[in-house]
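In what follows, a single structure is set out as structure tokens and then discussed.
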Amino acid sequence: MKGISSGVVRSIQLKTRINCIDNTGSKELELVAVKGYKGKLRRLPAAGIGDVVVCSVKRGKEKTVGTLVYAVIVRQKKEYRRHDGTRVKFTDNAAVVVNPKTFDPQGTEVRTVVAREAVERFSTIGKISSIVL
18 MKGISSGVVR
28 SIQLKTRINC
38 IDNTGSKELE
48 LVAVKGYKGK
58 LRRLPAAGIG
68 DVVVCSVKRG
78 KEKTVGTLVY
88 AVIVRQKKEY
98 RRHDGTRVKF
108 TDNAAVVVNP
118 KTFDPQGTEV
128 RTVVAREAVE
138 RFSTIGKISS
148 IVL
């Protein structure tokens, strides 16, 4: 994993419902844990764009509902600042389901917008996405 060039605010906490935007069969994910989070006493783990999270599938195909999957956050509602001074925010929180070992996407296409910061860190997500903003 590479570093991110923007100051991303980590605004997605535990139990947050996230849209799944790839074609793996999952529709809605619930955040269970943040991979690599080293926190503070009584502070909830939080994630932002480009972070790897562990999620539980809440809606989708019957065989996937209730399973734990790894995902990468590719959009967040809370605005964040890029180094050129622009501020970016999206209309929803969204993630792409990935392989837990290699962090390659499990789906074959993403038809909606993906943030540039997520593509900087995981280039294989950029290859399957149609729009990178």
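Here this note's numbering runs 17 ahead of the position in the sequence shown, where the first position is 1. C-beta: ideal position from N, C-alpha, C; glycine also.
query: Consult DSSP for T129 and reduce its assignment to one of helix, strand or coil.; result: strand
query: With C-beta atoms as the reference, is V51 less than 8 Å away from A63?; result: yes
query: Taking the alpha carbon of I148 as the point to measure from, which residue in V26, P117, D39 and H100 has its own alpha carbon closest?; result: D39
query: Quick check: what's the CA-CA separation for R76 versus P117?; result: 20 Å
query: In chain order, which beta strand (DSSP E) runs of at least 3 residues are fully inside the stretch 59 to 115?; result: 69 to 77, 85 to 92 and 111 to 115
query: With respect to the alpha helix (DSSP H) encompassing I142, which residues constitute its N-terminal and C-terminal limits?; result: S140 to I145
query: I'd like the list of long-range same chain contacts for T192, defined as Cβ closer than 8 Å, with 5 residues on each side in sequence excluded.; result: Residue coverage of the chain in this structure runs from 18 to 150, which leaves residue 192 outside it and unanswerable.
query: Tell me whether the beta-carbon of V71 lies closer than 8 Å to the beta-carbon of S43.; result: no
query: Considering Cα atoms alone, identify which of I66, K80, L61 and G56 is closest to L150.; result: I66
query: Excluding the 5 residues flanking T125 on each side, which residues of the same chain have their C-beta closer than 7 Å to its C-beta?; result: N40 and I145
query: Closest to H100 by C-alpha separation, out of N110, E134, L61 and R92, would be which residue?; result: E134
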